[in-house]
Amino acid sequence: MLWLVYRNRKTTGYVLIDTYSTQNFWYAYAVARLCQSLNLKYIPILHGGELPARLDRSPGASKKLFGKAFINVAPSLYIKTIFQQAGFSNVKYIPNSISLDDYDFKERAEVRPKLLWVRAFAEIYNPLQAVKVLELLLSEYPNAELCMVGPVKDDSWKECIRYAKIHRLPVRFPGRLSKEEWTALAANYYIFLNTTNIDNTPVSVIEAMALGIPVVSTNVGGLPYLISADIDGILVPPNDPDRMAAAVKNILNDPQRSLERTRAARKKVEAFDWERVKEMWKNVLNN
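Counting in the numbering used here, the sequence shown runs from 669 upward without gaps.
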């Protein structure tokens, strides 16, 4: 990353730095410091859902990284608010984008207990909760099933497989899929689970809303800024499989209300279409 910046220093107008909260934070910090020494304008894009904690843990480094940026781009109003409360005034909200034409909206007048989870298998995303939600549903819905799509980041993947095997639960693990593959797969599923404990504005949830899949998500980080509870999705407390299972039952028992939510969700994510978002980027880069 450092070499890329240095090699292109004479032809670069802005350096865009995808910024996360764990080890990557220090990569972003190093690149920003190099940009400062080269008098290059740089723009951190604040992806990490744990960035609020990073501001507290590394106040000095955060001030040097974010305080001297040309501008900090927050993909959620949640992160923008947190940064402004921390004293950073150079923050602009530009949401994560999708190309809406790539997502065929499917109305689900009938809702079946076929659950979909799409995320990296990492402990902070709490994938095991999705498996436990399925377990809770099976007594009332014996035909319930779960598909968990995503790359492996830590041992939470093994934990999910072990739990599903021990309890003989119908869970599929197709692994990492391309966007085209998982969105095609999504046409066969009826409820989307987002079980994360820490998050910003997950693109997979935006994509599910665009596809017309009812979303049940934990009420953490930027999710309540993305989902209006019971208007275009359902929010539940984190680490509570029982509440999430109850929300799934709510969808199964009232498909008409669920359809209304998914229509509202599709309408909301029109604001995330690249054709709109790119105009916001143009306004930043042209100024």
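Beta carbons: idealized from backbone N, C-alpha and C, even for Gly.
Asked, Found
"Span of the beta strand (DSSP E) around Tyr682", "682–687"
"Cut-off 8 Å between Cβ atoms - residues of its own chain near Lys946, not counting five sequence neighbours on either side", "Ser765"
"Other residues of its chain near Thr869: CB distance less than 6 Å, five sequence neighbours each side excluded", "Pro743, Ser744, Asn764, Gly890, Leu894"
"C-beta contact flag for Gly717 and Asp867 at 8 Å", "yes"
"Inter-stretch contact at 8 Å, needing at least 3 Cβ pairs: the region 729–742 / the region 809–829", "no"
"Reduced DSSP secondary structure (H/G/I, E/B, other) of Phe940", "helix"
"As assigned by DSSP and simplified to three states, the class of Thr886", "strand"
"Nearest candidate by alpha-carbon position, reference Asp770, set Glu875, His835, Gly735, Asp724", "Glu875"
"Buried/exposed call for Ala854, threshold 16 Cβ in 10 Å", "buried"
"Residues of its chain near Tyr697, where Cβ-Cβ distance is below 6 Å and the 5 sequence neighbours each way are ignored", "Ala729, Leu733"
"Segments of 3+ residues assigned as beta strand (DSSP E) that fall wholly inside the region 784–837", "813–817"
"Heavy atom of the ligand HEM within 7 Å of Val883 beta-carbon", "As for the ligand HEM, it is missing from this structure, which has no ligand bound."
"C-alpha distance - Tyr746 paired with Gln752, whole-angstrom precision", "10 Å"
"Nearest neighbour of Phe756, chosen from Gly735, Ser767, Glu775, Lys935 [CA to CA]", "Gly735"
"Closest residue to Ile902 among Asp908, Pro909, Ala915 (Cα-Cα distance)", "Ala915"
"Option nearest Ala933 by Cα separation, candidates Lys950, Ala878, Pro923, Asn907", "Ala878"
"Residues near Val699 in its chain [Cβ-Cβ closer than 8 Å; skip 5 each side]", "Met669, Leu670, Val673, Val683, Ile685, Tyr710"
"Within-8 Å CB hit, Asn865 to chain D", "No chain D appears in the structure shown, which is made up of a single protein chain."
"Contacting residues, own chain, Cβ-Cβ under 7 Å from Glu938 (five flanking each side not counted)", "Leu768"
"Between the CA atoms of Arg925 and Asn918 - distance to the nearest angstrom", "9 Å"
"Nearest-angstrom Cα separation, counted from Val839 out to Arg931", "28 Å"
"Bridge partners - Tyr710, DSSP secondary structure assignment", "Val683"
"Option nearest Pro795 by Cα separation, candidates Tyr809, Leu814, Lys782", "Leu814"
"Close beta carbons around Leu837, own chain, < 8 Å, minus the five adjacent residues each side", "Val799, Leu802, Glu803, Leu806, Leu814, Tyr831"
"8 Å Cβ cutoff met for Pro882 and Arg929", "yes"
"Alpha-carbon spacing of Pro923 relative to Arg776, whole angstroms", "8 Å"
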